[in-house]
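Read the sequence shown against our numbering and you will find it ends at 375, with the numbers running on by one and no gaps.
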Amino acid sequence: GPDGQCALCAAEDESFDGAWCFGTYEGSLQRLIQVYKYECVETLARPLGRLLAGAFPRDVEFDAIVPMSRRTGLTMLNVLRRRRATRVQAGLSLAGRRENVRHAFAVSESVTARDALRGKHLLLIDDVLTTGATANACARVLKRAGARRVSILTVARADRKSSWPQQQQSGGISDQTSANRALGASE
189 GPDGQCALCA
199 AEDESFDGAW
209 CFGTYEGSLQ
219 RLIQVYKYEC
229 VETLARPLGR
239 LLAGAFPRDV
249 EFDAIVPMSR
259 RTGLTMLNVL
269 RRRRATRVQA
279 GLSLAGRREN
289 VRHAFAVSES
299 VTARDALRGK
309 HLLLIDDVLT
319 TGATANACAR
329 VLKRAGARRV
339 SILTVARADR
349 KSSWPQQQQS
359 GGISDQTSAN
369 RALGASE
């Protein structure tokens, strides 16, 4: 919708307030993310960052950006920390994903971190939004620590149901030719 929430997220009890992505997690975009994430091909960070920037909502103001991974390479508000290790989310059901990340995140104990969050609209940054379990877990702890709103921006969004509205790829490009062009790949 106009507030950055897809119909599925609006129908569920989500802790985050909006979600934007570049494209659908499939085809060459999916493979690029997997190569970056699981094969640690760091040279893909900049091209994937360009795709992420292409999906950045230009009509919404954020007070701070919060990475959900330390591998972003960007200087951001580092107030979110893992309280415990979690299993890889890939292959887990929605219930399994939610259980896997339950109580896995916390906000830094420092007064400075809590002051930095109070009343703010935060933008979480991640690679893929699949079920929203991790984003929800992070948004919940950030809001408990004083954040007013928490939204998420990802490179890709898993198409959880074929009826997921394509217009929710706010500002993004969904076709693979355009994704390849943005990444500088030959066609």
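Glycine included, every Cβ here is placed at the ideal spot set by N, Cα and C.
The alpha carbon of SER339 has as its nearest neighbour, out of ALA346, GLN218 and ILE313, the alpha carbon of ILE313. Bridge pairing for VAL316: ALA344 [DSSP]. Taking C-beta atoms as the reference points, VAL329 and ALA294 count as a pair closer than 8 Å. Taking 4 residues as the minimum length, the alpha helix (DSSP H) runs contained wholly in the segment 196-257 are 215-226 and 233-242, in order along the chain. Under the three-state reduction of DSSP, VAL276 is assigned to coil, being neither helix nor strand. In the structure shown, the three-state DSSP call for ARG337 is strand. Listed as beta-bridge partners of VAL329 by DSSP are no residues whatsoever.
For ALA292, no alpha helix (DSSP H) run applies, since DSSP gives it neither H nor E. Three or more beta-carbon pairs drawn from the segment 315-331 and the segment 201-210 are found closer than 8 Å, and the two stretches are therefore classed as touching. Taking C-alpha positions only, ARG219 is separated from ARG275 by approximately 21 Å. Taken atom to atom, the span from the alpha-carbon of LYS331 to that of GLY242 is near 27 Å. Secondary structure at ARG285: helix, using DSSP grouped into helix, strand and coil.
Per the coordinates, the alpha-carbon of ALA333 lies some 31 Å from the alpha-carbon of ARG238. Taking every protein chain shown into account, the CB of THR318 has 16 or more other CB atoms within 10 angstroms, so this residue is buried. In summary, GLY307 is exposed, with fewer than 16 beta-carbon neighbours lying within 10 Å of its beta-carbon over all protein chains present. By the beta-carbon neighbour count (other beta carbons within 10 angstroms, threshold 16), ARG246 is exposed.
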